[in-house]
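**Q** Structure below; questions to follow.
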Amino acid sequence: MERYDFFRTNPLGAAVNGDGTIRPINDLSFPRNVPEIPSVNSFVDKLDYLTTWDDFETTSRFFRRQSQPLLLAIFDWEKAYRQIPTAKSQWRYLMVKDFNGGILIDTRIAFGGVAGCGSFGRPADAWKDLMKKEFDLVEVFRWVDDNLFIKTKQSVVEMDQIYQRVQQVKAFLIPDAEFSFGQVEQLAGRLNHVSYILPQLRCYLNSLYRWMNNWKCKHTDRTLPKDARTDLEYWLTTLLQYKETRMIQNPDPVEIGWVGDASTSFGIRILIGKRWAQFQLAENWNKGPEPKRDIAWLETVAIRLGLIALKQMNIRPGKTLIVWTDNTTTETVIRQRKSRHPAVNEEWKLIQKTLVEMEIDIVSKRVTSAENAADALSRGDRSGHDARYQIAVVVPWDLEFRLFQV
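Just so we're on the same page, our numbering is the position in the sequence shown counted from 1, plus 221.
Structure, rendered in structure tokens:
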């Protein structure tokens with residue numbers, strides 16, 4: 222029997238699984254922020270253990286390049302971490318003290334509170350390389366211990382997961398129903414995965430996370446807050462209208478020369494490459510029922526009218542388009558997809574709906590007013606713009622008494 226002249230123990234910790242059960246962990250990060258007693262993990266430089274990590278964007282780029290039918294298979298390592306032995310020389314640092322005062326030697330990779338991408342990543346990368354070498358595979362993608370195998374063959378993709386999410390959202394909309402913290406956490410996590418396909422809906426998860434953050438007693442069930450109900454109703458409406466044949470979104474933004482601008486002195490201008498459109502404000506454009514319309518609302522309407530113009534130009538689905546703006550508020554709203562400005566927020570709901578229907582997304586980039594090519598158009602100046610490239614845009618009915626195309 223070998224005797225260690227030096228060894229250390231780590232406390233036996235606990236982590237909660239997705240199904241609510243508890244698993245024991247070897248807490249190699251304990252103690253935290255105690256310089257005189259460094260943890261085992263503090264001696265490890267994660268940059269020494271770089272591994273592959275195929276995220277959603279990497280995978281979507283691959284699929285967008287394909288022009289042939291593909292067959293997919295998902296593989297999950299069974300008890301992945303507990304299959305990988307640690308070096309015997311490391312055992313003295315991996316010991317665990319149990320609740321009875323005994324000392325256990327942990328001879329396998331520890332399953333911690335978070336993904337051990339480095340410790341398991343090396344064997345998983347080796348497995349990935351072996352599979353690609355041994356079998357006729359087009360590609361293998363990996364997320365820690367989950368693998369996606371791809372080979373050429375005709376396949377049929379089922380949409381039952383989307384159906385399951387619809388049913389789950391419906392359950393939350395039952396009046397006066399109460400839910401546990403775990404149920405809300407599970408719903409938020411699953412809708413977050415759906416948002417990779419529908420990124421336009423990501424902002425409608427904020428109310429669920431806000432609800433969880435305000436949950437004082439995790440063991441008490443609570444009813445759905447008003448703001449979360451509004452957001453989930455929007456999720457439900459969108460998922461019910463979801464098209465199964467959507468284009469895979471291109472995560473790389475595309476430059477098409479799209480610039481929008483607005484001024485309260487004249488109106489709105491849109492420039493998309495050489496194509497352009499100009500809208501003049503009606504005399505009482507900012508009058509009428511609440512919420513109040515102002516320049517922030519006008520800048521948002523410019524985005525909506527730009528999308529209508531793109532629709533008439535038959536823009537191809539699956540793109541993420543760059544929108545140039547000289548307005549800080551518009552830049553922020555495009556990024557956050559929500560605003561505290563009531564009129565802007567209502568307009569953004571219509572924009573989000575249009576984005577989902579057109580199967581595109583947008584990102585904002587900033588341009589100064591002096592460099593804004595559409596600034597003159599928004600002030601009524603058409604000089605420098607060829608009439609042959611003017612886009613005829615059908616103004617939506619809810620905007621007809623506020624502006625008109627000229």
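The beta-carbon is built from N, C-alpha and C at its ideal position, and this holds for glycine as well.
Pick helix, strand or coil for Gln626, following the three-state DSSP scheme.
**A** strand
**Q** In terms of DSSP beta bridges, what is Pro306 paired with?
**A** DSSP lists Arg329 as partners of Pro306.
**Q** Which residues in the same chain have their Cβ closer than 8 Å to the Cβ of Lys391, if we skip the five residues on either side of it in sequence?
**A** Leu457
**Q** Under 6 Å: does the beta carbon of Asn434 sit that close to some heavy atom of the ligand NAP?
**A** Annotation note on the ligand NAP: not contained in the displayed structure, which lists no ligands.
**Q** How do the region 563 to 573 and the region 509 to 517 stand: do at least 3 beta-carbon pairs fall below 8 Å, yes or no?
**A** They touch, by the three-pair rule.
**Q** Per DSSP, Pro232 forms a beta bridge with which residues?
**A** Lys318
**Q** According to DSSP, is Lys391 part of a helix, a strand, or is it coil?
**A** helix
**Q** Should Thr279 be flagged as near chain B, meaning a C-beta pair shorter than 7 Å?
**A** The chain inventory of the structure shown lacks chain B, comprising one protein chain alone.
**Q** Please report how far the alpha carbon of Leu412 lies from the alpha carbon of Arg490, in whole angstroms.
**A** 36 Å
**Q** The beta strand (DSSP E) spanning Asn434 covers which residue range?
**A** That residue, Asn434, is in no beta strand (DSSP E); its alpha helix (DSSP H) goes 427 to 434.
**Q** I need the straight-line Cα distance from Gly342 to Pro538, nearest angstrom please.
**A** 36 Å
**Q** Since Arg587 and Glu552 should fall inside the 8 Å C-beta cutoff, what is the C-beta to C-beta distance between them, to a whole number of angstroms?
**A** 6 Å
**Q** At what residues does the alpha helix (DSSP H) containing Asp448 begin and finish?
**A** Unbroken alpha helix (DSSP H) run through Asp448: 447 to 461.
**Q** Take the Cβ of Leu174 as the centre, count every other Cβ of all protein chains shown within 10 Å, and call the residue buried at 16 or more, exposed below.
**A** Any question about residue 174 goes unanswered here, given that the chain covers just 222 to 627.
**Q** Look at the alpha carbon of Lys508 and the alpha carbon of Arg282, and state the distance between them as a whole number of angstroms.
**A** 47 Å
**Q** Which same chain residues, not among the five before or five after Ala483, have their C-beta less than 6 Å away from its C-beta?
**A** Ile489, Leu519, Glu520, Ala523, Ser599
**Q** Taking the continuous alpha helix (DSSP H) assigned at Arg282, which residues delimit it?
**A** 277 to 285
**Q** Do Trp432 and Arg623 count as a contact pair if the criterion is CB distance below 7 Å?
**A** No; because the gap between Cβ atoms is not below 7 Å, this pair is not in contact.
**Q** Looking only at C-alpha atoms, which of Arg558, Gln573, Asp582, Ala347 sits nearest to Thr541?
**A** It is Asp582.
**Q** Relative to the alpha-carbon of Arg286, which residue among Pro472, Val577, Tyr463 has its alpha-carbon at the smallest distance?
**A** Pro472
**Q** Tell me, please, which residues DSSP counts as bridged to Asp482.
**A** Arg490
**Q** In angstroms, rounded to a whole number, what distance separates the CA positions of Gly334 and Pro617?
**A** Residue placement at Gly334 is flagged as unreliable, the pLDDT there being 49, under the threshold of 50; a coordinate-derived value is accordingly withheld.
**Q** So, for Val377: in the same chain, excluding its five sequence neighbours on each side, which residues have a beta-carbon less than 8 Å away from its beta-carbon?
**A** Any reading at Val377 must be qualified, since the residue scores a pLDDT of 38, below 50, and its modelled position is unreliable; the value itself is stated next. There are no such residues.
**Q** Are the region 246 to 261 and the region 306 to 324 touching, with three or more C-beta to C-beta distances below 8 Å?
**A** yes
**Q** In chain order, what are the residue ranges of uninterrupted beta strand (DSSP E) at least 3 long that sit wholly in the region 242 to 266?
**A** 243 to 247
**Q** Per DSSP, what kind of secondary structure is Trp312 in: helix, strand or coil?
**A** Helix.
**Q** Expressed to the nearest angstrom, what Euclidean distance is found between the alpha-carbon atoms of Gly403 and Asn435?
**A** 14 Å
**Q** Measure from the alpha carbon of Ala409 to the alpha carbon of each residue in Asp269, Phe393, Leu429, then state which is nearest.
**A** Leu429
**Q** Helix or strand or just coil, what does DSSP make of Glu568?
**A** Residue state, collapsed to three classes: helix.
**Q** Consult DSSP for Ala294 and reduce its assignment to one of helix, strand or coil.
**A** Of the three classes helix, strand and coil, the one that applies to Ala294 here is strand, per DSSP.
**Q** To which residues of the same chain is Ala294 closer than 7 Å at the C-beta, ignoring the five residues directly before and after it?
**A** The beta carbon of Ala294 is closer than 7 Å to those of Phe370 in its chain, skipping five residues each way along the sequence.
**Q** Which residues in the same chain have their Cβ closer than 8 Å to the Cβ of Ala219, if we skip the five residues on either side of it in sequence?
**A** Outside the modelled stretch of the chain, which goes from 222 to 627, sits residue 219, for which no answer is possible.
**Q** Are the CB atoms of Pro474 and Val544 nearer to each other than 7 Å?
**A** no
**Q** Going straight from the alpha carbon of Tyr417 to that of Glu568, what length do you get?
**A** 23 Å
**Q** Please classify Ile324 as buried or exposed, where buried requires at least 16 other C-beta atoms within 10 Å of its C-beta.
**A** exposed
**Q** Would you call Gly527 buried or exposed, if buried means 16 or more other Cβ atoms sit within 10 Å of its Cβ?
**A** buried
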